[in-house]
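Below: one structure, written as structure tokens.
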Amino acid sequence: MAWTEERVTELKKLWAEGHSASQIAKQLGGVTRNAVIGKVHRLGLSGRATPSRPVKRPPRLARPKPQVVQPIAATATKTTTATPKPAREASTPALPSRMAPAAYVKPKRLGNGDMVTVMTVQDSMCKWPIGDPADPDFGFCGHASDGDSPYCSEHAKLAFQPSRRSRERRDTYGQTVRKAG
DNA sequence: CCCTGATTCGC
DNA sequence: GCGAATCAGG
2 MAWTEERVTE
12 LKKLWAEGHS
22 ASQIAKQLGG
32 VTRNAVIGKV
42 HRLGLSGRAT
52 PSRPVKRPPR
62 LARPKPQVVQ
72 PIAATATKTT
82 TATPKPAREA
92 STPALPSRMA
102 PAAYVKPKRL
112 GNGDMVTVMT
122 VQDSMCKWPI
132 GDPADPDFGF
142 CGHASDGDSP
152 YCSEHAKLAF
162 QPSRRSRERR
172 DTYGQTVRKA
182 G
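In short: position in the first sequence from 1, add 1, done, that's the working numbering.
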């Protein structure tokens, strides 16, 4: 497929609209995304609004030649192919930068008893939810958790009950909940 | 493993 | 000029 003026125009348009190279290639048809990118570069309109990163990588080495077929030359000039083992780079001295644990924030009385909030709950504290997450007063139990459990011994019992009869219907919990953060 | 754009280079 | 191969990264 040749790059006719029309196709180039379309390419420019789609590219300007922010479509990805693969999208454009798909729409134009007959070309791969590589072709699109190549054309885009040749047209000199490569850097639009870079989707994510500025990406400034150092110059890449020239494309190594695969040299798939290697018929044995009559005049064997190359005797041995030295295979230099890439010496293991010196490992970066790991910085012992360990973040100091956040200062313990003593749960204040929020009018919710011993409850802690999402801001104050932390490790070793029972994370059993109290109240409605949508509620401003929502918080957690906050009692000492039971070992590895995220809950205190009391709530752990509630949290890990064997099974609820059976989950006859799985309607409510499909994949609907995803961004309830 | 999916995707993205970037680059090189044989054609 | 073209685009596959490859790279570098999200």
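All C-beta atoms in this analysis are idealised placements derived from N, C-alpha and C, irrespective of residue type, glycine included. All values derive from a computational prediction rather than experimental measurement.
Residue i, DSSP secondary structure in three states
i    : result
G31  : coil
G45  : coil
A145 : strand
Buried/exposed call for residue i, threshold 16 Cβ in 10 Å
i    : result
M2   : exposed
G19  : exposed
G143 : buried
G31  : exposed
G48  : exposed
G39  : exposed
T5   : exposed
Closest Cα partner of residue i within the set the options
i    : options                : result
L29  : P130, G19, E7, S125    : E7
S17  : A36, W4, G45, S154     : Looking at the sequence itself, residue 17 is Ala, so the reference to Ser does not match. Among A36, W4, G45, S154, the Cα nearest to that of A17 is on G45.
S146 : L12, S23, S125         : S125
S21  : N35, W129, T10         : N35
R43  : K27, K13, S23, I25     : K13
G140 : D149, G148, S150, C127 : C127
H156 : K27, W129, A26         : W129
V9   : Y152, D149, V37, G148  : V37
Span of the alpha helix (DSSP H) around residue i
i   : result
A17 : 6–17
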